[in-house]
Structures are given as structure tokens and as C-alpha cells.
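Heads up: the sequence shown begins at 266 in my numbering, then just goes up one per residue. Note that CB positions come from ideal geometry on N, CA and C, so glycine has one too.
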Amino acid sequence: MSKKKIVVLAGDGIGPEITAAAVEVLKKVGETFGHEFELDYKLLGGCAIDKFGVPLPDETVAACKASDGVLLGAVGGPKWDALPADVRPEKGLLGIRKALGLFANLRPAVIYPELADASPLKKEVLARGVNVMVVRELIGGIYFGPRGTKEDGKVAYDTEIYSEDEVRRIAKVAFDLARGRRKKVTSVDKANVLVSSRLWRRVVEEVHEDYPDVELSHIYVDNAAMQLVRDPSQFDVLLCPNMFGDILSDEASQITGSIGLLPSSSLGTEKAGLFEPIHGSAPDIAGKDIANPIATILAAAMLLDNMGMGKEARAVENAVGAFLSDGWRTPDLGKGKQVGCAEAGRLIAGYVHA
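Here you go:
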């Protein structure tokens, strides 16, 4: 029996509901495959502000660093919108990424055949296949560059900044992933306008020299947004700076039929990675038991993969597929046998088999 320590950061809004469903599935995995998962619940985001006055308590950082992986729900909500920027819930999310050195965010977008009708794309477009991995640089770029205001708040600025080393390490992640997929990397930038994008493109091309077996192409971000809905089958691995990856991965989620389907993993310099859905805290539906937990459950599968439990991760992915094949649907997925968040978690757990 293996023993792993997992920190659960349920967060705000629907976070506690979707993480509870994912934990239900993890417990079933433990029972089925003979593993012991020690779950350590800590606070991050608005709930941490309410208790400790800060969005990222020191004890949360320490627990995450000592863990084998971190499962996150979501943070934020209108309750904390009026707070200063440096103590808002989102600051905690950026902070834990920085504290764990999580520079690589992986966001897979795959279309389930059972949900083809939920996608806004035409059937003939979907028939070509949708299997895109968005590789997003996570702790650089405009979200972490110098920012501020001047002229008594009448002028505000945020600065896009990247170093060669930051670009090089995320590019290597993208090329390594592509080698195990369809051997194609499309690097997204705005090199016709931005100096930082010209550096990005130059370094990506330098890294590509070590991967002659992988095809590399470049695309401007505005064209990437258009092409992603015109023909997503043309993309394999999309390599993106922080903000561009944030936007394009949300667009990719709608191609699959719902933002509630896309998981993500954030990996970096520490042993522990962070695994979460790409959606937000959805405070408008919190507590109504109608949130879709599938993205969080698939994030738990990515966590298992990262802990060396590939067989267990495939069992979770297969369980989600069986749940959908049998016609079960959360409200966001449209027609089918309707179930709430908690029941979806229980049903998917029931589909987990060795």
C-alpha cells in the first residue's frame, strides 16, 4: 500500500462542492487500488481572508510544500471585490503558484463524443477531432510584471515582462509533451507588436533546435483565437505566454461543450503540483448543488498521474467517460439524466474499477 499526502484547498463559491466530489472519487481510487490518501484541508482565497486576514496563510504554503500534490477548487467572489488588490482572493492564487514555483500550466481540451451536441461547433468540424493541450507559462508575463497607477489614479499600467530563462523552461515543457503526442507545437505570440513576444519567439526557436523531430509553427494570438474555433484539429500543443494562455484555454473549454469539463495541472520546481479546474468560483450557483465537478475530478486524475499512478488516473478518466456514456448530465451539459454536483461525484466514483 502506498501512502500519499494531498492538500485540499476547497476555496470559495462552488469550490467546496466540486472538491468534495473529487475527493469522493479519490477515496474510491484508494479503496480500489490499495492506496492511502491523507487529506489535509487548508484555506486559500476569500475563506482565508475571513479567518486570517490574508488570502494565503503561511501554514497553507508550508502544508503544500510538504505534500505530494495539491487539489484546488476555486477562489474569489463579490464578497471580497472591494478589498485592495494586494489582499484580494486572487492574490492568494497567484501567491501559491509563485511559492511552489509552478511555471507550467497544462490545460487539455478533449471533446467527448457523447457531448458533441453541447459544442457550439458544427458537427463536420468536430468530426476532425479535438485534442488540444494548452501549455501556459504561469508565473511570468503581465500578471507578474511591474504595475501601478499615477496621476492620482487617472493612469494605470501593467507590464508584460519575460526573461530568456522563463521562456526557455516553458518551451521545453511544450516540446517534451509534443514528443508524446502528435509532435507539433504552435507557439502563440504577438511578435508584430510586442517586444516581449519577439524575445519569446526567438527563444522558442532556439529551444526547437534540440527537438528536430517536433514541428514548430508560430501564430499571432488574434489569429489563434480565430483558428481555434474554425478548425481546432490543426492544433496539438499550443505554447502560450501567461495571459494569452489564460484566454485561449477558456475559449477551448467552450469548444468541448462546457467550461466545467476542463482540468489543469500546474507544475514547477517543487515536488508538489497544483491541480484544479480552469473555471472560477461561480458564486451565483454556489450552494445550489448544480455545479459540474467533472473538471475537478479530471484534475484529480492529473494529480494521480503526477504521483506515478497512471493506471489509477486512467480508471478515473474511464469512469467519467462511462458516466457520460450512460447519459448522466449535470445541468450545464444539457439533455440527459440530470444530476447535481454531489450525486455526479458519487456516480463517477461508482464507475471506478481496477
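Annotated as distal: V400 and L365, with beta-carbon spacing of 8 Å or more. R412 carries a strand assignment under DSSP once its states are collapsed to helix, strand and coil.
Straight through space, the alpha carbons of V395 and F298 are spaced by roughly 31 Å. Residue pairing by DSSP leaves G592 without any beta bridge partner. Non-local C-beta neighbours of G360 in its own chain, meaning closer than 6 Å and more than five positions away in sequence, comprise L321, ordered along the chain. When DSSP states are grouped into helix, strand and coil, H473 belongs to the helix group. A Cβ-Cβ separation of about 6 Å places A537 in contact with G334 under the 8 Å criterion.
A residue is called buried when at least 16 other Cβ atoms come within 10 angstroms of its Cβ; T325 meets this threshold and is buried. Counting C-beta atoms within 10 angstroms of its own C-beta, S523 has 16 or more neighbours from the protein chains shown and is therefore classed as buried.
Rounded to the nearest angstrom, the Cβ distance from P343 to P548 is 6 Å, consistent with a contact under 8 Å. Distance from the CA atom of L386 to the CA atom of V494, rounded to whole angstroms, is 7 Å.
Taking C-alpha positions only, S514 is separated from A374 by approximately 8 Å. Counting only the Cα atoms, V273 lies some 6 Å from L337.
Around K455, the same chain offers S462, Y485, V486 as residues with beta carbons nearer than 7 Å, after the five sequence neighbours per side are excluded.
The criterion of a C-beta distance shorter than 8 Å is satisfied by G276 and A339. In the DSSP assignment, L493 falls within the alpha helix (DSSP H) that extends over 486-495. In this structure, DSSP gives T451 an extended state, which the three-state scheme calls strand. R611 and H544 have their alpha carbons spaced roughly 21 Å apart. Looking only at L589, V420, P542, I407, the smallest Cα-Cα distance to F509 is reached by I407. Judged by DSSP secondary structure, A374 falls within the beta strand (DSSP E) whose first and last residues are 369-375. E416 sits exposed, since fewer than 16 C-beta atoms from the chains shown fall within 10 Å of its C-beta.
Judged by their CB atoms, V472 and R433 are nearer to each other than the 8 Å cut-off.
Look at M508 here: in three-state DSSP terms it is helix. Here S546 is buried. Its C-beta has 16 or more other C-beta atoms within 10 Å.
Comparing C-alpha distances from R362 to each of C329, A383, E301 shows the shortest one belongs to C329.
Taking D570 as reference, the option from L371, T424, E389, S590 with the minimal CA-CA separation is L371. For G310 and G280, the gap between their C-alpha atoms comes out near 11 Å. Rounded to the nearest angstrom, the gap between the Cα atoms of G295 and E608 is 19 Å.
With contacts defined as CB atoms closer than 8 Å, V453 and L532 fail to qualify as a contacting pair. For N396, the pairing in a beta bridge is given by DSSP as V375.
The beta carbon of E289 is closer than 7 Å to those of G610, R611, A614 in its chain, skipping five residues each way along the sequence. Membership of G276 in the beta strand (DSSP E) is indicated by the continuous run 267-276. Sequence-distant Cβ neighbours of E282 in its own chain, meaning closer than 6 Å and more than five residues away, are A556, C606. Shown here, E535 sits in coil according to DSSP, grouped into three states, outside any helix or strand.
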